[in-house]
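> First the structure, which I've put down as structure tokens, then a few questions once you've had a look.
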Amino acid sequence: MARGKRNKSNIRYWQFEGGYARVEETQLRALLEGYRLGIFRRNEVRVFAARLEFAARHPNSNRLQLARILNWNSHRKGNRRLTAGQIGDAARALNRHLPRLQLELNSQSEHPAASSHEKPVARKVLRHIASGGATTVEALLCFAYFMRRIPQRKPMTRLKSEEQYARFTYAQFQEWTGVHRASQCRMMRRLIERGFLNTVPVVKQNENAYGQLFVDGQAISLVRRDQSVRRTQARRSCCNKKSTPVRGKVNAPRVKKSTLRNVNPKKEIEEQERFVSDLKSGYLGRHGDPALSRIAARAAQMVENCLRQAA
């Protein structure tokens, strides 16, 4: 990493500004396969990321421990704290099943030497996953991104130099993890709204064979700071209605309600006809006093004329 820091023309200087950890591609693939088989769950994924962060630490960081990496941000809402027993169970599950899954994937691979290449993973992402800030599917999606990331060691005319790309499809991710497309779309939408990822549709026919291009953003691997990331505006908690001042109300509604009647037109016509018939043959229409019955008949006639003109 020191060489990349000295050479600012290197893509890794900008893409992994906070440092990166090296991990074998088969190890990432084995983690996804273990999740598909139901062996690894959220605790195992968090401990896996914490192990990579722990291995990439500075040699003089003697006080850093695995539990500190996992629970340093547990005071925030949504970040669950892992106990020593949970960390130990997850570590034992990784030690037991991860090497076996790697051997199985190496035996099934057509090119075992190529699949054993080391992939760089941004340490900022590892800390984010280890602390519990990401859901399990989000963490697996980030690992899949780094597994299929395009290195861009030289400039490509069809790719922008300030963005980093990875190629994989929803079908491939479902084959790796067993996560359905609907869940993938929800997680992808969440990452896009938070400014972590972006997607670019593939236009060229020769690129369509590889599927969708996933463009990383600010947290997956850091890009230039002057590059603006579009973020969605926070939802307003107050009422959006402008006609009546909210501060003048004691119990102001949070959602603006429409004043229009959204009813079935057929039922509305039936209600109007029922109202006219009630005037004609109702209590006033059948009253013994001829004056009241005459008033009810005249009112029914006026209502019929109004409805006829409105139609």
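Mind the numbering: the sequence shown is residues 62 to 372 in our numbering, read in order.
Don't be surprised by glycine CBs; every beta carbon is placed ideally from N, CA and C.
1. Looking only at its own chain, which residues have a Cβ that is under 6 Å from the Cβ of residue 199, when we skip the five neighbours before and after it?
2. If we count the other Cβ atoms within 10 Å of its Cβ and call it buried at 16 or more, is residue 133 buried or exposed?
3. Can you tell me whether residue 336 is buried or exposed? The criterion is at least 16 other CB atoms within 10 Å of its CB, across all chains shown.
4. Using the Cα positions of residue 245 and residue 101, report the straight-line distance between them to the nearest angstrom.
5. Applying the 10 Å Cβ sphere with the 16-neighbour rule, what's the burial state of residue 328?
6. So, using beta-carbon positions, are residue 114 and residue 210 closer together than 7 Å?
7. Compute the Euclidean distance between the alpha carbons of residue 344 and residue 368, then round it to the nearest angstrom.
8. Should the stretch 155 to 169 be regarded as contacting the stretch 79 to 98, the criterion being three or more beta carbon pairs within less than 8 Å?
9. Out of 116, 156, 137, 121, which has the shortest C-alpha to C-alpha gap to residue 95?
10. Find the nearest neighbour of residue 338 within the set 202, 358, 349, 351, judged by alpha-carbon distance.
11. For residue 154, which of 240, 108, 363, 230 has the nearest alpha-carbon?
12. May I have the straight-line CA-CA distance separating residue 205 from residue 185, to the nearest angstrom?
13. Of the residues 330, 145, 81, 141, which one's Cα is nearest the Cα of residue 119?
14. Comparing alpha-carbon positions, which option in 341, 239, 240 lies nearest residue 356?
15. Mind checking which residues open and close the alpha helix (DSSP H) that includes residue 160?
16. Could you round the C-beta distance between residue 86 and residue 180 to whole angstroms and report it? I think they count as a contact, below 8 Å.
17. Going by DSSP in three states, residue 131 sits in which element: helix, strand or coil?
18. Go through its chain and collect everything with a Cβ distance to residue 348's Cβ below 6 Å, but skip five positions before and after it.
19. Quick one: Cα of residue 97 to Cα of residue 330, how far?
20. Nearest-angstrom Cα distance between residue 366 and residue 332?
21. Which one or two residues does DSSP pair with residue 180 in a beta bridge?
22. Keeping to the same chain, check which residues put their C-beta closer than 7 Å to that of residue 84; ignore five residues upstream and five downstream.
23. Note down, in chain order, each residue of its chain lying with its Cβ closer than 8 Å to the Cβ of residue 266, except the 5 sequence neighbours on either side.
24. Using only CA atoms, which one of 251, 145, 207, 162 lies nearest to residue 196?
25. What residue range is occupied by the uninterrupted alpha helix (DSSP H) comprising residue 244?
26. Are there 16 or more other CB atoms within 10 angstroms of the CB of residue 238, so buried, or fewer, so exposed?
27. I believe residue 117 touches residue 191 by the beta-carbon criterion, under 8 Å. Please report the beta-carbon distance rounded to the nearest angstrom.
28. Evaluate residue 105 with the Cβ neighbour count: other Cβ atoms within 10 Å of its Cβ, from every protein chain shown; 16 or more gives buried, anything less gives exposed.
The answer reads as follows:
1. 248
2. exposed
3. exposed
4. 18 Å
5. exposed
6. no
7. 22 Å
8. yes
9. 156
10. 358
11. 108
12. 16 Å
13. 81
14. 341
15. 145 to 169
16. 5 Å
17. helix
18. 354
19. 57 Å
20. 16 Å
21. 84
22. 113, 179, 180, 182
23. Bear in mind that a pLDDT of 41 at residue 266, under 50, signals an unreliable position, so the model cannot answer this.
24. 251
25. 242 to 254
26. buried
27. Not really, about 12 Å apart at Cβ, beyond 8 Å.
28. buried
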